[in-house]
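Engineer:
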Amino acid sequence: MSVRAAKVGVGAALVTMPALGHAHLVNSGLGPFYDGALHLLLSPADVLGLVAATLLAGLHSARAGRLTATILPVTWFLAGLAGLYLFGALALPWLSVLSFALLGALVAFNPPLPTAAVALLAGLFGALHGLLNGSALAVIGAGWTSLLGIAVTVWVIGLLVSAAVVSLQAGWARVAVRVAGSWVAAVGILMFGWMLQ
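Under this note's numbering, the first residue of the sequence shown is numbered 8, with each subsequent residue one higher.
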């Protein structure tokens, strides 16, 4: 390798190095709406539970999928407002993990549930995680716009996942969805183990 090639390589490496690193990108400068959306996407407990709730809804019916895709972002946003303005920092990691692990187990077992029960479970999950997200955003000084970014992202993911599952007709594809639910439950069990250690 020539000296010039080495200089170019070192220069390129220095130019691409970031000045700061942020864990959740909430203060990255993308704007509060997109920072909120990224906050959701970079929070594993939120994403796993969201996916499990919408998989469960999609397995049950198109109506359950529509109700879940509506109730989930609304409860997430409203509870997030409560967390943003009424509470300080809430740290409930065990409850967060328990919520998505239970939803994953329900997907895996796929018990016959009424549509209202599926929507209620999604609403409870959305309320819990909205409250936790709102309190986390309050700690860093983010406002309701970040929370709106989270809620819109929840709505989009909820619509896409539940619609994809509702459209599955083959038996093997529905079994694959149930296997995905078992993986979500398994991740929850592993996270419980790490918390107890």
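Just so it is clear, CB atoms sit at the ideal spot from N, CA and C, and this is done for glycine as well.
My output table needs one value for V150: the three-state DSSP class, helix, strand or coil.
Structural biologist: Within the sequence shown, the letter at position 143 stands for residue 150. Reading off the sequence, residue 150 comes out as Gly, not Val. G150: coil per DSSP, three-state reduction.
Engineer: In the DSSP assignment, the alpha helix (DSSP H) including L57 goes from what residue to what residue?
Structural biologist: The residue labelled residue 57 in the question sits at position 50 within the sequence shown. Run containing L57: P51 to H67, per the alpha helix (DSSP H) assignment.
Engineer: For G200, which three-state DSSP category applies?
Structural biologist: Position 193 of the sequence shown holds residue 200. Here G200 sits in helix by DSSP.
Engineer: Assuming L63 and L110 form a contact by the criterion Cβ under 8 Å, report the distance between their Cβ atoms to the nearest whole angstrom.
Structural biologist: By 1-based counting over the sequence shown, the position of residue 63 is 56. By 1-based counting over the sequence shown, the position of residue 110 is 103. With a Cβ gap of about 6 Å, L63 and L110 count as contacting.
Engineer: Please say whether T61 and V186 have beta carbons closer to each other than 8 Å?
Structural biologist: Stepping through the sequence shown from its first residue, residue 186 is reached at position 179. Stepping through the sequence shown from its first residue, residue 61 is reached at position 54. Contact flag unset, no.
Engineer: Could you check the C-alpha separation between L32 and H46 for me, to the nearest Å?
Structural biologist: Locating residue 32 in the sequence shown gives position 25, where the first residue counts as 1. Locating residue 46 in the sequence shown gives position 39, where the first residue counts as 1. Only weak support is given to the placement of L32: the predicted model assigns it a pLDDT of 48, under 50, and the value that follows is read from those uncertain coordinates. Their Cα atoms are separated by approximately 7 Å.
Engineer: Give me the Cα-Cα distance between G43 and S9, rounded to the nearest whole angstrom.
Structural biologist: As a position in the sequence shown, residue 43 is number 36, starting the count at 1. As a position in the sequence shown, residue 9 is number 2, starting the count at 1. If I take the Cα positions, the gap works out to 46 Å.
Engineer: Between the region 109 to 124 and the region 50 to 60, are three or more C-beta pairs nearer than 8 Å?
Structural biologist: Because the criterion of three Cβ pairs below 8 Å is met, the region 109 to 124 and the region 50 to 60 touch.
Engineer: Please tell me whether L91 and L154 are closer than 8 Å, where the distance is taken between their beta carbons.
Structural biologist: Counting from one through the sequence shown, the residue named residue 91 turns up at place 84. Counting from one through the sequence shown, the residue named residue 154 turns up at place 147. Yes.
Engineer: Specify, as a first and last residue, the run of the alpha helix (DSSP H) that P100 falls within.
Structural biologist: Position 93 of the sequence shown, counting from 1, holds the residue named residue 100. Here the alpha helix (DSSP H) through P100 covers P100 to F116.
Engineer: Would you mind working out which of F132, V54 and V159 sits nearest Y41, comparing C-alpha positions?
Structural biologist: Residue mapping note: residue 41 aligns to position 34 of the sequence shown, counting from 1. That would be V159, whose Cα lies nearest to the Cα of Y41.
Engineer: Helix, strand or coil for L167 per DSSP?
Structural biologist: In the sequence shown, residue 167 corresponds to position 160, counting from 1. Residue state, collapsed to three classes: helix.
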